[in-house]
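Right, one structure below, let's go through it.
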Amino acid sequence: MKKGLVIPLCFAVLSTPAFDKTVQGASLTKFLHSSSVQAAAKTETKYVNVDANSSLTLRAKPSKSAAKLDSLKKGTAVLVYNVSDGWAEVKSGTKTGYVSAEYLTSTKPGSTATTTSTTKTTTKYVNVDKGSHLILRSKTSTSSSILASLARGEKVTVYSISGDWAKVKAGSKTGYVHASFLVNSNPDSNTSTSKPAKTTTKYVNVDKGSHLILRSKASTSSSILASLARGEKVTVYSISGDWAKVKAGSKTGYVHASFLANSNPDSSADTSTPAKTTTKYVNVDKGSHLILRSKASGTASILDSLARGEKVTVYSISGDWAKVKAGSKTGYVHASFLANSNPDSSADTSTPAKTTTKYVNVDKGSHLILRSKASTSSSILASLARGEKVTVYSISGEWAKVKAGSKTGYVHASFLANSNPDSNADTSTPAKTTTKYVNVDKGSHLILRSKSSTSSSILASLPRGEKVTVYSISGAWAKVKAGSKTGYVHASFLANSNPDNHADTSTPAKTTTKYVNVDKGSHLILRSKASTSSSILASLARGEKVTVYSISGDWAKVKAGSKTGYVHASFLANSNPDNHAGTSTPAKTTTKYVNVDKGSHLLLRSKASTSGKKLASLQRGEKVTVYTASGPWVKVKARGITGYVLASYLSSSDPDASTADDGNNSSEPTPDSTVTKYTTADLNLRKGPSTLTSVIEVLDKGTAVKVYSEEDGWAKVEIGGKIGYVSTNYLTSAAKQSNGKVTSIVKKYDLSLDELANIQMKVSPQTDTNERYIRSDAIKLTSHTTGVVQNGNWHIRDGAGTKNHEVGETLKEGTKVTILSTVKGNDGYTWYQISYNKAWKNATKNEVKYYLNPNNFVSDPVRSLQFLKLTSTANLNATEVNQKILAGKGILAEKASAFLKAAKQNGINEIYLIAHALLETGNGTSQLANGVKYNGKTVYNMYGTGANDGNAVQNGARYAYQHGWTTPEAAIIGGAKFISSNYLGAGQDTLYKMRWNPDVAATYGYASHQYATDIGWAYKQVDKIYNLYNLLDNYNITLEVPSYK
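According to mature numbering (1 follows the signal peptide of the UniProt record, and there is no 0), the residues represented by the sequence shown are -20 to -1, 1 to 1025, in order.
And the structure:
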């Protein structure tokens, strides 16, 4: 980010291009290093074996959601480095990536493409419980449409099997079914003459002393049939995904295919070349041990318990696990607890970590479990009683590392309090509670559980209408007392009044009538719950009338006949799709326009979901007919095609209708191609679009995030400079209803928006927008997503077409680029949108006017906080701030009173002050925040004041010493005085004023004393402030909104 001077608030620092470039460079180094290691490992050549007309996808990572690198045809030779969890790491040509191992063979498949007219198929039979049916779907997803319901024993033609799904033909319909419910023979016949399936022989290949489990089904939750020893010979009938169906002795079942080998692992063990190893040391807390397991899983059997400092030989590291040898035993440990040197080699000089004291706060008679790891599947060390004192070392996400007595382990942080809950039990004020009633369908019950988890034990079954006392609601769960029992229930099934009171006179809930609208011959499944894993109540035909009670997200609660359940709302229509189609009155429609960034497109999908098929790519300004809206999606017709688009990208008028030739239209949408959404529950922010990737942090419910893209159930988001992935199921476009008091005041300026923009343009404002385009004939493609500049040097533009602005630099011939998308330019040529590291450029007047115009942000609960008057106090409650914001924040914990005092004395907004301190101290963990010795005194610095010019710690300590900040409280209050006098005292008391300084512009006619050149600076600063406010229930917000003539 470009800045004019050092500023007091820097929330966007971690998202700068320089930072991104550093990370990318580190990743590249790691990749190159791993490639050289792979080259030294044992390899073998295999061949792609897919259908003649198919291809095998080469991916960047061992995941179906990973980026596609190439498509490999049948017979392609690849170099295989290793195989793990069903994926093979291979090299094809110059590209290295991952493919599904089941489509590789040791011999090159015969090429019969010129004579073969049909794909090889097999015949199988539906094998479900008697009276059940197997669903045939249009796609390999439980959310895809249902084509048919197949009876037990029905014969199907199998075209292919991939993972859990099989592509089959049943009757005249072709679709997908779960492969585990198909068998080679009719389950109801006793045919003894059927031709046996082709089989192969393999051998169990597990570590010596270990065994391979043979199970009744292809699932780790199925029953165990036998335990197979290393080297045991098995007959393999088939392999599907991670599982192989085998016969071992007289028993037939399923084993993990990755533990099978083509030869006996012990047949030539004495001649094998040992793998390269390294030496590491166990690095756990003193008194703790590291568990050595038989497999790379927290549920695998325990081989040994390794003491701190024990030396181990490391064979390999994969993900979180390391394969090691400790003494005579070989197994797996968590790699994060290994170090390159003995942690006790210099233990006598180490400085102990800072700790805090807390108390166990659970219900009377309950206990808090102390575990060996931060996981509910780890072993139990102790059971801690209510009020027991513990020493807290650290808090990460939901878990706290604590010492209780002589034992160190992990507990759920939410059950720790700063004071003993029973210290003043006789005089304490009871927590505020509310009364609610169980609201489930008649004849149903609501389960009361011991914890806020469906896997916890059941305490009671509560009938409809039962009164409960509600202590708290967190996410989807409510903590309640029912009778004498206290536990947790799903909050969505509680109501403010008894659903059965005065049933004969009460006004019924408002309902609507809709009709099932599925393809002819298809059915809509009615389920017992709003989940595809819940039981099926009925199969509703096209045109069937239903009564709709409510719609929540993708699901509608309906009554069909005598049954009440849940269906996918997108398959309901306001009228019968088959009634008088030729004469019916068309539904009321409206006309809207696609409003996306210039050069971008809006995808028209077959369903109201990002998993829907892409029907068309709509250009900016394209007119569409809108039929209905449901949540974030609208049903539209464009170019004669009917489908669904995201409603947030439609506007009532053409965004380019009033664009002047000089590009001065002030209504242009934001160049920042993101939208803001909010979390609906406490949500893991992960490094990748998979639950297998590590958690960056846990986002509180209601957190605002910037969403870059959504695909396959995952959203790429940014929060506080961190970019990661979250589940789209827990995002909403609607912000949480504000609990605080918001006051807006208007400050009028004697200049127009256009005049202010002209003033700003004279000081070369900058933008880091990612919209960069180059004409396609300038690029020689090297892959689907990469290319090299050819035929001389070329200009880069901020849109697709020569009418768009030049960025200011040219790309030289030979420069490598990454291609993000292909678009049709306004000049008729094809253009590539490219990723361009040199992202800062002179902003256009249009772009400047967008960020100057307060009307673009004042209605947004997040972006409007750039108008927050930083000299107005929020009137916060110290106890609430300590509990909801500062808990677990290192040295800042329990310091709410100091922040409130600092804010009051210096006329500063408390949230702004706290946000700045959290940022500068790394959530209360920095060296300066925790005290530094200077001239014999320990001093503290909470805002990084004076910490500049090379030696930040020494200079920050000197400044703190000179101002007498010898306690954390003194540093909080004294630092606030510095911020007030040096920044806010200049009259720039909103983020908007800090960036644009309209007072100087209106008075003197020029731009001066602006804290940054980035036009989006104020826009980017507000996420942290919003998310802190969002944690609280009681506060004041004062907005000062500029108004131009």
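Glycine included, each C-beta is placed from N, C-alpha and C at the ideal position. Only a predicted model underlies this, so the values are computations on that prediction, with no experimental measurement involved.
With fewer than three CB-CB distances shorter than 8 Å, the segment 881 to 893 does not count as touching the segment 906 to 915. Each residue's CA atom was taken as its position, placing Val340 and Val370 some 7 Å apart.
The three-state secondary structure of Trp945, taken from DSSP, is coil. For the 9 Å CB-CB criterion, Ala280 and Arg288 do not form a contact. Residue pairing from DSSP places Glu677 in a beta bridge opposite Leu665.
For the alpha helix (DSSP H) assignment, the segment 270 to 318 encloses no uninterrupted run of at least 4 residues. The residues Gly805, Asn806, Asp807, in chain order, have a CB closer than 6 Å to that of Gly781 in the same chain once the five nearest residues on each side in sequence are set aside. For the pair of segments examined, the segment 725 to 741 was found to touch the segment 977 to 992: the number of CB pairs separated by less than 8 Å reaches three. Judged by beta-carbon spacing, Thr905 lies within the 9 Å limit of Gly870, meaning their Cβ atoms are closer than that value. Between the segment 517 to 528 and the segment 114 to 122, the count of Cβ pairs shorter than 8 Å is below three; the stretches do not touch. At least 9 Å separates the beta-carbon of Glu900 from that of Leu856. Per DSSP, the beta-bridge partners of Arg507 are Ile516, Tyr546.
Every unbroken stretch of the beta strand (DSSP E) spanning 3 or more residues and falling wholly within the segment 757 to 799 is given here in chain order: 759 to 761, 766 to 769, 774 to 777, 786 to 791.
Inter-residue distance for Gly868 and Lys973 is about 33 Å (C-alpha atoms, whole angstroms). The beta carbon of Lys881 lies closer than 7 Å to those of Ile953 in the same chain, with the five residues before and after it left out. Shown here for Ser202: same chain residues with a beta carbon closer than 7 Å to its own, the five before and five after excluded, namely Arg195, Ser196 in chain order. A direct Cα-Cα distance of roughly 29 Å separates Leu761 from Gly592.
In chain order, Val106 place their CB closer than 6 Å to the CB of Glu134, counting only its own chain and leaving out the 5 sequence neighbours on each side. Collapsing the DSSP output to three states places Asp734 in a helix. The Cβ atoms of Val606 and Leu630 sit closer than 9 Å to each other. Here the C-alpha atom of Leu59 lies approximately 14 Å from the C-alpha atom of Tyr83. Contact check for Thr23 against Tyr78 fails: the beta carbons are separated by 9 Å or more. Contact between the segment 763 to 779 and the segment 789 to 802 is present: three or more C-beta pairs spanning the two stretches fall below 8 Å.
In terms of Cβ geometry, Ala518 and Trp535 do not form a close pair [threshold 9 Å]. A check of alpha carbon separations from Asn476 across Asn419, Glu690, Val460 identifies Asn419 as the nearest. Residues Leu439, Ala440 of the same chain have their beta carbon placed closer than 6 Å to that of Lys465, with the five preceding and five following residues left out of the count.
Assignment of beta strand (DSSP E) within the segment 61 to 141, counting only whole runs of 3 or more residues, yields 67 to 72, 75 to 80, 102 to 106, 113 to 117, 126 to 131 in chain order. Shown here, Ala471 sits in a helix according to DSSP, grouped into three states. Secondary structure note for Pro978: it is in no beta strand (DSSP E), and the uninterrupted alpha helix (DSSP H) holding it is 978 to 984. Apart from the 5 residues on each side of it in sequence, Met741 sits with its Cβ closer than 7 Å to the Cβ of Lys825, Val828 in its chain, given in chain order. About 6 Å separates the beta carbons of Ala540 and Leu506, which is inside the 8 Å limit, making them a contact pair. Taking a C-beta distance under 9 Å as the contact criterion, Asn921 and Ala895 do not qualify as a contact pair. Setting aside the 5 residues that flank it on each side, Pro745 is surrounded in the same chain by Ala823, Val828, Thr993, Ile995, each with a C-beta closer than 7 Å to its C-beta; the list follows chain order.
When rounded, the separation of the alpha-carbon atoms in Val460 and Ile531 is 26 Å. Scanning its chain for C-beta atoms nearer than 7 Å, with the 5 sequence neighbours on each side dropped, one finds around Val163 the residues Lys104, Tyr105, Asn107, in chain order.
In this structure, the beta-carbon distance from Gly601 to Asp558 does not fall below 9 Å.
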